[in-house]
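Peer 1: Pasting a structure below so you can have a look.
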Amino acid sequence: MCIAGAVAISVSACNTSGSKTLDTPTSGSITISVDETFAPIIESQIHTFENLYKYANVEAAYKPEGQVMQDLINDTVRFVVATRQLTSEEKQAFEKLKITPRITKIAVDGVALILHKDNKDTTLTMQQVRDIFTGTITSWKQLDSSAPDAPITIVFDNSNSSTSRFIVDSINQKKPLPGNTYASSSNSNLVDYVAQNRNSIGVIGVNWISDRDDSTTTSFLNKINVVGISTKEKPSSEDDFVQPYQAYLAQGTYPLRREVFIISREARAGLGTGFASFIAGDKGQRIILKSGLVPASMPVRIVGFAQ
234 MCIAGAVAIS
244 VSACNTSGSK
254 TLDTPTSGSI
264 TISVDETFAP
274 IIESQIHTFE
284 NLYKYANVEA
294 AYKPEGQVMQ
304 DLINDTVRFV
314 VATRQLTSEE
324 KQAFEKLKIT
334 PRITKIAVDG
344 VALILHKDNK
354 DTTLTMQQVR
364 DIFTGTITSW
374 KQLDSSAPDA
384 PITIVFDNSN
394 SSTSRFIVDS
404 INQKKPLPGN
414 TYASSSNSNL
424 VDYVAQNRNS
434 IGVIGVNWIS
444 DRDDSTTTSF
454 LNKINVVGIS
464 TKEKPSSEDD
474 FVQPYQAYLA
484 QGTYPLRREV
494 FIISREARAG
504 LGTGFASFIA
514 GDKGQRIILK
524 SGLVPASMPV
534 RIVGFAQ
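Shown next, in the form of C-alpha cells:
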C-alpha cells in the first residue's frame, strides 16, 4: 500500500513492483555533461556540494563542447555547462519535444593564448591575433624581425572544443582555421606540447591557469608564458597589453572574453535543479570568484597586482 505525504526533501513514487526513490534538489544521483575546459572549477563545485548534502551524488562527464550539447539534445543528461547558448536548430529540437530549457549565466571566462617559455613574443595586438588564426601570419619572423624564421604551430585542446569554436566565431568571423592548426587530446597535453615546442601557440580556457592556489595551475604557469593582448592597432606602451586576469575580465578590457552558462532540460525540481541553484547561488559564486573567473551574480573587487 502506498501512502502519499508532503515531504520537503524527499520524493518517492510507488508502483506494483515496489517503491522507487527519485532524486530531489539535495539528494539522489545525477550525471551532467560539462565542457572540458571547466573541469577544475566544476570539480570544486561538486566537491563542496556533496560535502554539504551527504545524500547527493553528482557525476560529471567532461567532453568537447559539441558532444556536451549533443548529450543535452539526446536526453543523455539533464543539464550541461557550456560557453554558448542554444542555436536556432537546437531550440527547434526542444520545441518539437515541447521542452523549454532553462538557461542560467554563471560566470565570465576568457580564452588565453600561451607560448613556450623561451618565446619572447609575449604581446600581440588583436589584429595580429586575427592574422595568426586566419593564416595571414604563419611565421614568428612576421611578428618580430629579430625572431627566428620558424613556422607558427597553433594548438587547441580538441578539434571540437569550445575554444576552437570561439576563435572561429569571434576572431575569424566564421573563416576556417589555417592548415598549421592541430588538436591535442586534453588541456594537460596541450600545455605540455607548448612547453616542449618553442614555435607553438596554444589556446586554452582561462579556468586552467587562473586559480593560483591550485597546484595544477601553478604547474602549468611554470611551464609556459601567457600572452598579453592589446585592442589598439598601435600600442604605445606595455600598459596597453592585458592578460586574462580576473580584474581585466571583470572590467571587459581583456578582449577574448566569453560567458559560461548552465542549460537545463530538467522538468521538475530534481538534483539537477538543486546543483544548478547551488552554482548560481552565494557559495557556488564564491567558488567561481576564487577560481579566478568572474561570477555572474556577485560583485568583484578590482585590486592592483604585480605582473
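One gets the working numbering by counting positions in the sequence shown from 1 and adding 233 to each. For each residue, glycine too, the CB sits at the ideal point set by N, CA and C. Values in this document were obtained by computation on a predicted structure and should not be read as measured data.
1. Consult DSSP for Gly525 and reduce its assignment to one of helix, strand or coil.
2. Count Cβ pairs between the segment 432–441 and the segment 378–398 that sit closer than 8 Å; are there 3 or more?
3. Looking at C-alpha atoms only, which residue of Asn290, Ile457, Val314 and Ser530 is the closest neighbour of Ser394?
4. Are there three or more Cβ pairs, one per stretch, closer than 8 Å when the segment 335–348 is compared with the segment 482–500?
5. Exposed or buried, Gly525, counting other C-beta atoms within 10 Å across all chains shown (16 or more means buried)?
6. Following the continuous beta strand (DSSP E) through Ser321, name the residue where it begins and the one where it ends.
7. Return the first residue and the last residue of the beta strand (DSSP E) that Tyr415 is part of.
8. Roughly how many angstroms lie between the CA atoms of Ala529 and Lys456, to the nearest whole one?
9. Taking all protein chains shown into account, decide if Asp256 is buried (16 or more other Cβ within 10 angstroms of its Cβ) or exposed.
10. Could you check if Asn284 is buried or exposed, using at least 16 other CB atoms within 10 Å of its CB as the buried criterion?
11. Between which two residues does the alpha helix (DSSP H) holding Tyr481 run?
12. Buried or exposed for Leu330, please, with buried defined as at least 16 other CB atoms from any protein chain shown within 10 angstroms of its CB.
13. Would you report the Cα separation of Ile263 and Thr506, rounded to the nearest angstrom?
14. List the residues that DSSP assigns as beta-bridge partners of Thr270.
15. May I ask which residues mark the beginning and end of the alpha helix (DSSP H) holding Lys408?
16. Could you say which of Leu357, Ile265 and Ser260 lies nearest to Ser469 if we only look at CA atoms?
17. When you compare the CB positions of Val493 and Ile339, do they come within less than 7 Å of one another, or not?
18. Assign Gln518 to one of two classes, buried (16 or more other C-beta atoms within 10 Å of its C-beta) or exposed (fewer than that).
19. Looking at the structure shown, is Asp472 part of a helix, part of a strand, or coil, going by DSSP?
Peer 2: Checking against the coordinates, here is how it stands:
1. coil
2. yes
3. Checking every option, the nearest Cα to that of Ser394 belongs to Val314.
4. yes
5. Here Gly525 is buried. Its C-beta has 16 or more other C-beta atoms within 10 Å.
6. Annotation for Ser321: no beta strand (DSSP E) segment contains it, though the alpha helix (DSSP H) segment containing it runs Ser321 to Lys329.
7. Thr414 to Ala416
8. 30 Å
9. When all chains shown are included, Asp256 counts as buried.
10. exposed
11. Looking at the DSSP string, the run of the alpha helix (DSSP H) that includes Tyr481 is Gln479 to Gln484.
12. exposed
13. Looking at the two C-alpha atoms, the distance is approximately 11 Å.
14. Paired residue(s): none; Thr270 is not in a bridge.
15. Taken as a continuous stretch (DSSP letters only), Lys408 belongs to no alpha helix (DSSP H), as it is neither H nor E.
16. Leu357
17. yes
18. buried
19. helix
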